[in-house]
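Notes for the one structure printed next.
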Amino acid sequence: MTLKVGIPRALLYYYYVPMWQTFFHELGAEVVLSSPSTKGILANGLKHAVDEVCLPIKMAFGHVLDLAGKVDYIFLPRMVSIKKREYICPKFLGLPDMVRCLDGLPPLIDINVNLYKSKKNAFFAAKEVGKLFTGNYFKISGAYRYSLKTQKKYFKLLQLGLLPDEALAGLEDGVGNKPRPGQGQFTVALLGHPYNIYDSYINMNIIRRLRAMGSNVVTAEHLSEQVVRSCAACLPKKLFWTLGQRMIGAAFHYFKRRDVSGIVHVAAFACGPDSMTGELIAREARAAGMPFLNLTLDEHTGETGIVTRIEAFMDMVRWRNAGVS
Ligand code: SF4
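Right, here's the structure in full:
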């Protein structure tokens, strides 16, 4: 019998789904993704998560619940660190324990992913997970290597200027692997955690709205690790959150680019890392005289308010480009 593994379409799904999906496929499992975010998924997440957590974690609860009854396992790794000597937000760490209290869920695959000391730990984690599906060490190790290759291809597609869903389609059929030609009059850098900027339900379709208002959209994922890291190194003190570093590095890079006319930072209410990175980016934007918009999202954020603020921001971009101060 083919085992079904559920992957919630939330949090680091937007970075690592090609690798996770390939790994499980290679081990002979069927992968089931939760449905794209909807009002119902969020409502279910809100009902079951504690009030204190941020919106993306509440949404992750909803996605986990969406998989209940459909799969044999839910893959919810305990993400501690994805880079040597750096951490990611502690809420990722606590998520499997918070979720375990929910009724009616299949067993969780909540392996620790902690690369703080060494990258090799990723393989150890994969080995542990692989043992649930096969006793064949070579099969696990082959699946792991192939999944890394697929992940590399995905990151390359993102760096060509594609968005995650376009890059995933590109991996599937090789058709979507051409960069989308910029058709807008302006270019705006959209920065934020991947689960905030690429989940169009959470951010109320911000990318589509910016494009409809005449702007091309670039993100941190369109830049290479090397560019992001070297720009983030301008900070007097290194940020120890990997995702925060990406945002800061990308912001510093886009401040220097003449073709970029403004920056939008999407933050989650009650997010510690976002409040700090948002403030750092806002200060630099003021110093550089670049139009800047900070959008903070929570479950009460209204669509009308978001649209009004994006329109006002795009007016600033137009005035700046027209030389009106
Ligand atoms: S980094 Fe912020 S938005 Fe992301 S999980 Fe942590 S608190 Fe939530």
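Using my numbering, read the sequence shown as starting at 235 and increasing by one per residue. From the three backbone atoms N, C-alpha and C, an ideal C-beta is built for every residue, glycine too.
Bridge-paired residues (DSSP) for residue i
i    : result
S449 : F420
A501 : T530
V239 : V265 and Y307
L425 : H499
Three-state class that DSSP yields for residue i in the structure shown
i    : result
I440 : helix
S315 : strand
G478 : helix
F486 : helix
L327 : helix
C465 : helix
R492 : coil
Y249 : helix
T511 : helix
A516 : helix
A244 : coil
Run of the beta strand (DSSP E) containing residue i, from where it starts to where it stops
i    : result
I322 : Per DSSP, I322 belongs to no beta strand (DSSP E) and is neither H nor E.
Bounding residues of the alpha helix (DSSP H) (the contiguous stretch that carries residue i)
i    : result
M293 : L289 to L301
S375 : Y371 to Q393
G523 : First-last for G523: undefined, no H or E at that position.
A403 : P398 to D407
T542 : E537 to N555
Residue i CB to nearest heavy atom of the ligand GTP below 6 Å
i    : result
H427 : Looking at this structure, you won't find the ligand GTP anywhere; what it does contain is the ligand SF4.
Inside the segment 252-287 only - beta strand (DSSP E) runs reaching at least 3 residues | 264-267
Fully enclosed by the segment 330-364, which beta strand (DSSP E) runs are 3 residues long or longer?
-> 346-348
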